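Chains as they are written, first to last, in our numbering: chain W, 22 to 602; chain B, 2 to 257.
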């Protein structure tokens, strides 16, 4: 794997005997001519005697961009770091190795490991049709353009923008590749043509799944640009505040970087070792077996560690089918040394059980893989491990240790020699869809909710009525009037003049009392002379009131009235009520 | 005619309608066709025609499922030598009736035949799977309905609840807790992406293509956790941490 891949995991340390360290990193692995990147040289637990000595590299220009200092207290231990930021501006395309940077500490010179910077020609900046490319553009930068099937290709996607918000994750089209999820992006700044760009760097890994001329990309990325609005000229008629508070326009854009061709070669069929299971990368192998003296039937644990660069998480061990040993499936754990999982260690714990005391060794462990840099297969091997197996009377069934808590959904099993037989009762058939996913369930569940909401509304209305005596009286009088008019109809039909006029006078008092907001009791025909009645009732209304009260008084003294007269009074009363409303 | 009965009629009709709605929407029905298929499948099973019995049990599931039907389907698969499909059916039965001792015993026995541990369950999963999702739903619905009825009663008769805040607070806490547990149980149910190897030696590859190199072989009945799908391939991991891609034709999914 080339140095660019190594660069992707860029924190490289050189330690001295006293624990002081110096490290160097670049904020991006790839850039274009004229686009600066920041080189950070960090001195941990010491202050350098002078500025770091930068190498003279034709095609690169170095300029100081300031220093920063940090202190940390962790568990009572104090750590300090002193960082030099250096702006590196490339002048020519190519792959540069930034080496050797030297930092002076007292009388010694400390050197971090070299870094690699890939510089593209300046004309590779994509042009957008909408002319916004000066404000933002996206780049797709695979670390290589040719690879083997199964070889991991680190990929950088760089979004450059001057000002913007709502940046979405890049959408990478990669047919024929298996693409890892994007871990958290890195943010940095870059200067180009007197403009400062924000740079978001997204890193991922693409693993080609088939041979041929594949296309990695295009990559699309959406964001909202903030573009400064420019007025053509100032005019005294323009709003003086126009453009002062709202000088930026938000422009949603979908940026795109074109696809990059990747030539994918098949793994060679020649010299393919037995047991090769598709591992591609560069690895080392560690293995041990313990205990090395056992009784027949006792387990021996073989611990195997494969470390290196490649698709660590997909590494699997070849099946260890050793004659004379009973083997179980290995338990596997993975330790990733970078977010993409391209560096790390895969650990296998394999339990094997010697079935005979004639066995003298745990056989040799082999791990074949394809080295894409060398372009050939390699086989890592450890062992064999000498083993002493003592004869045993009764082999003891081994137990496999599990790292995690075993499933305990069942109670302690009783001895069972076969499955329990079928059931002869079908049981209640239900839909395969669970209750909670059926619309009918939610419909029914809404009923008590609606009941509660209805009760809540009713209670609010009742409270409003209780707190408003005027409204309450209006309702009571309306109810009384409705019932009274019906009663008057009946009384008029039956010719009960005395009771008719008593009821009529009562209804009249209730209505007048409500309208004048006075108690109904004691209201007589003289009420029409009161100032309130003069103010609120018209002359005709007052006449009608007086007429009805007079008729009522006459009926109580004179006694009899005809049904026709009573109906006429009732009609007058209804007209009066309409007028009063 | 008694005039006092008149106002009650609409209420009775409303109650009847609600009951009917509940019955139609929620309650189980019993299909004679399924019953007949079930009986016939049982007969085939008892005469040793396990594969045919399994096919008939499977056909009966199209009209509806029951824990017993899936249990028998698991038994028929097991007897036909299809461990992965048997385990999937037992698991599906347990999703309906999670504490059924016979299903648990048969699942345990099937696992012993496979000889590979299943992926471990978290404490939360073990706890939530003590009840089926239907039981969690009824529990949460009951608690929520009780709370809403009490709230309704409080609006109608505020005096009855005066000085008794716990009459509302306790049911509210119960409803909140059960609804939360229902949400967790539903997430566990619907996001349960498990599969069981259903062929004797299923090839697990490094990538989702037939040309991808073989990574390892998984035996029938191996329980897998499914992470992704690409075309006809599933990205899986075994309980022991082995990862790879397996053709979907080689596995029985817990949730097809």
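Glycine is no exception: its CB is placed at the ideal position from the N, C-alpha and C atoms. Source: prediction; values computed, not measured.
Local conformation of residue i per DSSP, three classes
i                      : result
residue 18 of chain W  : An answer regarding residue 18 of chain W cannot be provided, because it is not within the stretch 22 to 602 covered by chain W.
residue 117 of chain B : coil
residue 233 of chain W : strand
residue 420 of chain W : Any reading at residue 420 of chain W needs caution, since the residue's pLDDT is 43, under 50, leaving its predicted position unreliable; the model's value is listed next. Coil at residue 420 of chain W, not helix or strand.
residue 104 of chain W : strand
residue 246 of chain B : strand
residue 148 of chain W : In this prediction, residue 148 of chain W has a pLDDT of 49, which is less than 50 and means its spatial position is unreliable; nothing more can be read from the coordinates.
residue 239 of chain B : strand
residue 583 of chain W : coil
residue 335 of chain W : helix
residue 180 of chain B : helix
residue 363 of chain W : coil
residue 574 of chain W : helix
residue 181 of chain W : strand
residue 256 of chain B : coil
residue 277 of chain W : strand
residue 9 of chain B   : With a pLDDT of 44 at residue 9 of chain B, under the threshold of 50, the modelled position of that residue is not reliable, and no figure is offered here.
residue 426 of chain W : Here residue 426 of chain W scores only 43 on pLDDT, less than 50, and its place in the model should not be relied on; the value that follows carries that caveat. Three-state result, residue 426 of chain W: coil.
residue 302 of chain W : strand
residue 211 of chain B : coil
residue 217 of chain B : strand
Whole-angstrom C-beta distance between residue j and residue i, which should lie under 8 Å
i                      : j                      : result
residue 406 of chain W : residue 376 of chain W : The pair is not a contact, with the Cβ atoms about 17 Å apart (cut-off 8 Å).
residue 104 of chain W : residue 88 of chain W  : 6 Å
residue 57 of chain W  : residue 110 of chain W : 4 Å
residue 278 of chain W : residue 176 of chain W : So it is not a contact: roughly 11 Å between Cβ atoms.
residue 58 of chain B  : residue 69 of chain B  : With 8 Å as the limit, residue 58 of chain B and residue 69 of chain B do not qualify as a contact, their Cβ atoms being about 10 Å apart.
Residue i, buried or exposed, once every other Cβ within 10 Å from all chains shown has been counted against 16
i                      : result
residue 74 of chain W  : exposed
residue 246 of chain W : buried
residue 289 of chain W : exposed
residue 457 of chain W : buried
residue 174 of chain W : buried
residue 95 of chain W  : exposed
residue 93 of chain W  : exposed
residue 222 of chain W : buried
residue 160 of chain B : exposed
residue 232 of chain B : exposed
residue 463 of chain W : exposed
residue 566 of chain W : buried
residue 9 of chain B   : Per-residue confidence for residue 9 of chain B stands at a pLDDT of 44, beneath the threshold of 50, marking its modelled position as unreliable; the derived number appears in the next sentence. Label assigned to residue 9 of chain B: exposed.
residue 363 of chain W : buried
residue 252 of chain B : buried
Extent of the continuous alpha helix (DSSP H) run through residue i
i                      : result
residue 126 of chain B : 124-129
residue 331 of chain W : No alpha helix (DSSP H) contains residue 331 of chain W, which is instead part of the beta strand (DSSP E) from 321-331.
residue 88 of chain B  : 84-97
residue 58 of chain B  : 51-61
residue 120 of chain W : Segment: none, residue 120 of chain W is in no alpha helix (DSSP H) and carries neither H nor E.
residue 131 of chain W : Where residue 131 of chain W is concerned, there is no enclosing alpha helix (DSSP H), although the beta strand (DSSP E) it sits in stretches over 129-131.
residue 65 of chain B  : Note, residue 65 of chain B: premise wrong, no alpha helix (DSSP H); not H, not E.
N-terminal and C-terminal residue of the beta strand (DSSP E) that residue i is part of
i                      : result
residue 548 of chain W : Looking at the DSSP string, residue 548 of chain W is not in any beta strand (DSSP E), and its letter there is neither H nor E.
residue 229 of chain B : 224-231
residue 447 of chain W : Taken as a continuous stretch (DSSP letters only), residue 447 of chain W belongs to no beta strand (DSSP E), as it is neither H nor E.
residue 139 of chain B : Careful: residue 139 of chain B lies outside any beta strand (DSSP E), inside the alpha helix (DSSP H) at 134-157.
residue 81 of chain W  : 81-95
residue 398 of chain W : 397-403
residue 47 of chain B  : Taken as a continuous stretch (DSSP letters only), residue 47 of chain B belongs to no beta strand (DSSP E), being part of the alpha helix (DSSP H) at 33-47.
residue 62 of chain W  : 58-65
residue 169 of chain W : 167-169
residue 156 of chain W : Run containing residue 156 of chain W: none; DSSP gives neither H nor E here.
residue 68 of chain B  : No beta strand (DSSP E) contains residue 68 of chain B, which is instead part of the alpha helix (DSSP H) from 68-80.
residue 411 of chain W : 409-411
residue 199 of chain W : 198-200
residue 468 of chain W : Not the beta strand (DSSP E): residue 468 of chain W falls in the alpha helix (DSSP H), residues 460-487.
- [ ] Quick one: which residues of the stretch 177-211 of chain W get their C-beta closer than 8 Å to a C-beta of chain B? List them in chain order.
- [x] Taken in chain order, the members of the stretch 177-211 of chain W whose beta-carbon sits within less than 8 Å of a beta-carbon on chain B are 199.
Open item on the list: Beta carbons nearer than 9 Å to chain W: which residues of the stretch 191-210 of chain B have them?
Closed with: Per Cβ criterion, the list reads 191, 205, 206, 207, 208, 209, 210.
Open item on the list: Counting only Cβ-Cβ distances shorter than 7 Å, please list the residues of the stretch 297-331 of chain W near chain B, keeping chain order.
Closed with: Along the stretch 297-331 of chain W, the positions whose C-beta sits under 7 Å from a C-beta of chain B are 298, 299, read in chain order.
- [ ] With 9 Å as the limit, tell me which residues of the stretch 441-462 of chain W have their beta carbon closer than that to any beta carbon of chain B; keep them in chain order.
- [x] Listed by position, the residues of the stretch 441-462 of chain W near chain B (Cβ gap below 9 Å) are 441, 442, 443, 444, 445, 446, 447, 448, 449, 450, 451, 452, 453, 455, 456, 457, 458, 459, 460, 461, 462.
Task: Within 9 Å of chain W by C-beta, residues of the stretch 66-91 of chain B in sequence order - done: Here the close residues are 66, 67, 68, 69, 70, 72, 73, 75, 76, 77, 79, 80, 87.
TODO: Give, in chain order, every residue of the stretch 337-355 of chain W whose Cβ lies closer than 9 Å to some Cβ of chain B.
DONE: Listed by position, the residues of the stretch 337-355 of chain W near chain B (Cβ gap below 9 Å) are 337, 338, 339, 340, 349, 350, 351, 352, 353, 354, 355.
Task: Positions along the stretch 477-502 of chain W whose CB lies within less than 8 Å of some CB in chain B - done: Against chain B - using a Cβ distance shorter than 8 Å - the residues of the stretch 477-502 of chain W are 477, 479, 480.
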